[in-house]
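Enquirer:
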Amino acid sequence: LEWAVRHAQAELGHWFDNARVLFFSGLAHQKLALSMAEYTPNLRFADPLLQLGVPKLLGSLDALGLYAAGAHAVAGWAPPRLVPDVLRQQWAQHTLRRALRHADVVVAPVHELDPMGLEELAGKTVITTTVNDERLEQFRERGVHLVIDGAPQRDGHVLDPALLDAMIIAATGKAGDQLLDDDYLDVLVGERLAPRLLRPNGQRRLNRFAFVIHPLSQEYFKKVRPVEVLSQVSPPALVAPMMDTLEKVMAWAPPFVYSRVEGIRSPTGAEAEGWLISVGGTPKEIMAHAPEFTYRRLLAAAEMARKLGAQIMGLGAFTKVVGDAGVTVARRAPLPITTGNSYSASGALWAAHDALLRLNLLPKPEGKGRVKFQAMVVGATGAIGAACARLLVRAAEQVVLVSPETAKLLALKRSILRETPDARVVLSAQADEHLAQMDMVVTATSGAGKKVLDIMLAKPGCVITDVARPLDLSPEDVAKRPDVLVIESGEVRLPGDVRMKNIGLPPGVAYACLAETIVLALEGRFENYTVGRAIEWEKVHEIYKLGLKHGMQLAAISGVNGVYSDDDIARVRALALAARAG
23 LEWAVRHAQA ELGHWFDNAR VLFFSGLAHQ KLALSMAEYT PNLRFADPLL QLGVPKLLGS
83 LDALGLYAAG AHAVAGWAPP RLVPDVLRQQ WAQHTLRRAL RHADVVVAPV HELDPMGLEE
143 LAGKTVITTT VNDERLEQFR ERGVHLVIDG APQRDGHVLD PALLDAMIIA ATGKAGDQLL
203 DDDYLDVLVG ERLAPRLLRP NGQRRLNRFA FVIHPLSQEY FKKVRPVEVL SQVSPPALVA
263 PMMDTLEKVM AWAPPFVYSR VEGIRSPTGA EAEGWLISVG GTPKEIMAHA PEFTYRRLLA
323 AAEMARKLGA QIMGLGAFTK VVGDAGVTVA RRAPLPITTG NSYSASGALW AAHDALLRLN
383 LLPKPEGKGR VKFQAMVVGA TGAIGAACAR LLVRAAEQVV LVSPETAKLL ALKRSILRET
443 PDARVVLSAQ ADEHLAQMDM VVTATSGAGK KVLDIMLAKP GCVITDVARP LDLSPEDVAK
503 RPDVLVIESG EVRLPGDVRM KNIGLPPGVA YACLAETIVL ALEGRFENYT VGRAIEWEKV
563 HEIYKLGLKH GMQLAAISGV NGVYSDDDIA RVRALALAAR AG
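Under my numbering, the letters of the sequence shown match residues 23 to 604, in that order.
(1) Is histidine 36 near the ligand PLP - that is, is its Cβ less than 6 Å away from at least one heavy atom of it?
(2) Can you have a look at proline 277 and say buried or exposed, based on whether 16 or more other CB atoms are within 10 angstroms of its CB?
(3) Residue range of the beta strand (DSSP E) that leucine 298 falls in?
(4) I want to know whether the region 124-140 touches the region 32-43 - three or more CB-CB distances under 8 Å.
(5) Going by other Cβ atoms of all chains shown within 10 Å of its Cβ, with 16 needed for buried, is arginine 282 buried or exposed?
(6) Alpha carbon to alpha carbon, how far is valine 301 from methionine 264? Give it in angstroms, no decimals.
(7) Residues in its own chain within less than 8 Å of threonine 117 by CB, not counting five upstream and five downstream?
(8) Which residues in the same chain have their Cβ closer than 6 Å to the Cβ of methionine 335, if we skip the five residues on either side of it in sequence?
(9) Is the beta carbon of glycine 348 closer than 7 Å to that of alanine 534?
(10) By the DSSP assignment, the alpha helix (DSSP H) with lysine 306 in it spans what residues?
(11) Mind listing, in chain order, the continuous beta strand (DSSP E) runs of no fewer than 3 residues lying wholly within the region 367-451?
(12) Count the other C-beta atoms from every protein chain shown that fall within 10 angstroms of the C-beta of threonine 428, then say buried if there are 16 or more, exposed otherwise.
(13) When the Cβ atoms of the region 140-158 are set against those of the region 188-199, are three or more pairs found closer than 8 Å?
(14) Which residues bound the beta strand (DSSP E) around alanine 232?
(15) So, are the CB atoms of leucine 597 and proline 497 less than 7 Å apart?
(16) Find the nearest neighbour of glutamine 396 within the set Glu419, Gly407, Leu384 and Asp376, judged by alpha-carbon distance.
(17) Give the range of the alpha helix (DSSP H) segment to which serine 253 is assigned.
(18) Quick one: grab the DSSP three-state call for phenylalanine 45.
(19) Check whether the Cβ atoms of glutamate 134 and phenylalanine 45 sit closer than 7 Å, and answer yes or no.
(20) Give the range of the alpha helix (DSSP H) segment to which valine 27 is assigned.
(21) With a threshold of 8 Å, are at least 3 pairs of Cβ atoms found where one atom belongs to the region 82-89 and the other to the region 57-70?
(22) Rounded to whole angstroms, what is the Cα-Cα separation between glycine 407 and aspartate 519?
(23) Report the residue ranges of all alpha helix (DSSP H) runs contained in full by the region 502-528; include only those spanning at least 4 residues, in chain order.
(24) For valine 464, count the other beta carbons within 10 Å of its own beta carbon; 16 or more makes it buried, fewer makes it exposed. Which is it?
(25) By the three-class DSSP mapping on this structure, what secondary structure does glycine 331 have?
(26) If you draw a straight line from the C-alpha of alanine 26 to the C-alpha of leucine 168, how long is it?
(27) Using only CA atoms, which one of Ala93, Glu60 and Arg110 lies nearest to glycine 75?
(28) Checking 7 Å against the spacing of the C-beta atoms, do isoleucine 557 and asparagine 382 come in under that value?
(29) How big is the Cα-Cα spacing for leucine 384 and histidine 36?
(30) Kindly indicate which three-state DSSP category tyrosine 586 falls into: helix, strand or coil?
(31) What is the DSSP secondary structure of leucine 140, reduced to helix, strand or coil?
(32) Are there 16 or more other CB atoms within 10 angstroms of the CB of aspartate 171, so buried, or fewer, so exposed?
(33) Only counting the same chain, and skipping five residues up and downstream in sequence, which positions put a Cβ closer than 6 Å to that of alanine 374?
(34) Sorted by chain position, which residues of the same chain lie with C-beta nearer than 8 Å to threonine 350's C-beta, five sequence neighbours on each side aside?
(35) Between the Cα of alanine 130 and the Cα atoms of Lys245, Val153, Lys473 and Trp113, which residue gives the shortest distance?
Put into structure tokens, the structure is as follows:
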């Protein structure tokens with residue numbers, strides 16, 4: 023079976039990374055457990071349960087070693103005397119079934135899985151030996167994704183371990199107790215034998231991710247019913263101090279799972295499931311503490327994600343802004359990290375492009391040259407802003423880059439001109455100076471609600487894509503200019519029948535940074551993809567292409583008041599034309 027597992031990991035790529043593996047007997051598969059530990063630390067062993075009837079599991083190789091030596095405390099555990107044997111057996115079976123439901127991979131003799139049904143085996147990888155057609159059909163009915171059979175097949179016959187030993191003894195002329203590993207290798211290689219990877223339900227793969235979220239303001243706490251009620255019944259003079267105190271306390275809270283995410287299915291057949299893990303700090307509290315304060319909470323979330331079986335973790339909202347933008351967290355975390363900024367940049371431009379097409383206020387492009395429009399990036403020295411700038415200079419006649427960080431602006435311009443020598447780039451510390459000439463504006467600051475531009479100066483018909491979270495433009499600002507189209511970046515519609523708790527978006531729709539984590543999971547790209555403040559524009563392009571491959575779609579363009587209908591956009595266009603004519 024050790025051979026079979028290594029073969030599967032090599033053939034399928036990352037199959038066992040961080041997987042939750044349940045061994046019915048760790049003592050019978052110690053070498054396999056050691057091999058599996060190279061890919062995942064999430065190992066559990068049911069030896070006490072199946073050998074002693076003790077409804078407990080061993081949770082590590084060290085615990086298995088103690089148990090094998092008779093030194094583990096579980097060996098001396100006994101249920102209360104008043105518990106009948108029948109009830110104890112039921113308790114043990116319940117414990118085993120629950121462990122199966124929470125596992126991704128199960129290692130067991132094939133006959134010991136007979137009592138298990140769809141609820142316990144659906145979506146699982148089963149590692150066993152000597153699976154015949156009848157057993158394979160049973161696994162199909164129970165929703166098993168992959169069966170790894172350590173018994174190879176030759177001429178239509180399954181070679182169980184005893185038969186394989188007999189073949190090797192006959193081939194070498196040695197006695198059974200004289201066989202060496204080299205003898206097995208010679209026969210396996212010479213006969214071109216390999217473990218069987220059986221897919222009873224076709225080509226299916228379920229990868230796992232986690233994504234870190236956090237409340238964007240005090241208002242998010244009021245979505246918790248007790249807090250909502252308390253804020254409603256408390257005297258008005260006490261509500262603000264109460265919410266301020268709650269905000270400070272929640273910043274210290276440990277991470278917790280806010281929601282399971284299920285039902286994501288790519289047109290390629292790949293599937294993904296995951297967990298939204300919340301840390302308690304609002305942007306105000308995150309920025310009020312040193313970066314290490316947030317790092318510790320993100321690393322605690324990463325450890326939680328590892329134990330859940332996630333193979334990659336994304337950072338959302340302000341958690342990806344803190345300190346070095348994910349570099350330290352990626353270096354110290356037990357699983358790959360991405361900030362999602364590549365897809366955030368892609369989604370912002372995707373949404374802006376769609377909005378410009380629907381407004382239809384720009385002249386038609388001539389040939390393959392640049393489109394005759396001017397664009398601005400506010401917060402251009404940030405990770406998302408810089409990536410947007412590098413892409414916009416390839417399409418727009420002129421791009422204005424805005425940031426108070428003068429030295430970084432100059433360095434960004436030099437870098438852009440090395441990549442795109444014919445780009446027209448203007449630098450500014452203030453957005454308002456050039457705002458009246460802009461056809462498109464991308465705001466991607468970390469201002470946490472501070473005013474970054476005066477919308478009253480915007481050109482009629484301008485498309486403003488607000489990527490910042492919290493938003494750079496308030497609903498009150500947006501309401502002042504009905505002739506300007508303000509959209510909330512580019513949210514992405516996920517493929518499949520997606521199920522998760524409310525994250526402030528329509529069902530099945532996710533923020534682009536979350537969508538990047540999901541795309542990487544579907545693709546099986548378990549790597550530190552987007553970390554740090556220097557986003558590679560090639561990755562922005564790549565993640566866009568991968569998103570299309572896996573069925574990601576731009577969600578309906580929305581603003582602070584919800585989705586823009588065709589009538590809404592027609593109204594903005596009419597008002598913009600009237601303002602330009604007047």
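A virtual CB, placed ideally from N, CA and C, is assigned to each residue, including glycine. Here the structure is a predicted model, which means the values were calculated and not measured.
Expert: If we stick to the structure as given:
(1) Looking at this structure, you won't find the ligand PLP or any other ligand, since it has none at all.
(2) Its Cβ being crowded by 16 or more others within 10 Å, proline 277 is buried.
(3) Start and end: 292-300.
(4) Result yes; three or more Cβ-Cβ pairs closer than 8 Å.
(5) With fewer than 16 other beta carbons inside 10 angstroms of its own, arginine 282 counts as exposed.
(6) Approximately 20 Å between the Cα atoms of the pair.
(7) Same-chain partners within the cutoff: Leu71, Pro77, Lys78 and Leu79.
(8) Spatial neighbours of methionine 335 in its own chain (CB-CB distance under 6 Å, excluding positions within 5 residues in sequence) are listed in chain order as Ala232, Ala324, Ala327, Leu357 and Ile359.
(9) The Cβ atoms of alanine 534 and glycine 348 do not sit closer than 7 Å to each other.
(10) 305-310 is the extent of the alpha helix (DSSP H) around lysine 306.
(11) For the region 367-451, whole beta strand (DSSP E) runs of length 3 or above, ordered along the chain, are 393-400, 418-424 and 447-450.
(12) Counting Cβ neighbours within 10 Å, threonine 428 comes out exposed, since fewer than 16 surround it.
(13) Contact fails between the region 140-158 and the region 188-199, because fewer than three Cβ pairs, one in each stretch, are under 8 Å apart.
(14) Where alanine 232 is concerned, the enclosing beta strand (DSSP E) starts and stops at 227-235.
(15) No; because the gap between Cβ atoms is not below 7 Å, this pair is not in contact.
(16) Nearest option by C-alpha distance: Glu419.
(17) Where serine 253 is concerned, the enclosing alpha helix (DSSP H) stretches over 247-255.
(18) In the three-state reduction of the DSSP assignment, phenylalanine 45 falls in the strand class, which pools E and B.
(19) Taking a C-beta distance under 7 Å as the contact criterion, glutamate 134 and phenylalanine 45 do not qualify as a contact pair.
(20) Bounds of the alpha helix (DSSP H) holding valine 27 are 24-34.
(21) Yes, the region 82-89 touches the region 57-70.
(22) Going by C-alpha positions, glycine 407 is about 32 Å away from aspartate 519.
(23) Secondary structure within the region 502-528: not one fully enclosed alpha helix (DSSP H) run of 4 or more consecutive residues is present.
(24) Counting Cβ neighbours within 10 Å, valine 464 comes out buried, since at least 16 surround it.
(25) In the structure shown, glycine 331 sits in coil (DSSP, three-state: anything other than H, G, I, E or B).
(26) Answer to the nearest angstrom: the Cα atoms are 13 Å apart.
(27) Glycine 75 has its Cα closest to that of Arg110, out of Ala93, Glu60 and Arg110.
(28) No.
(29) Between the C-alpha atoms of leucine 384 and histidine 36 there is a straight-line separation of about 47 Å.
(30) Coil at tyrosine 586, not helix or strand.
(31) Residue state, collapsed to three classes: helix.
(32) By the Cβ neighbour-count rule, aspartate 171 is buried, with 16 or more other Cβ atoms within 10 Å of its own.
(33) Answer for alanine 374: Met462, Val485 and Thr487, listed in chain order.
(34) Pro313 and Tyr317.
(35) Cα-wise, what sits closest to alanine 130 is Val153.
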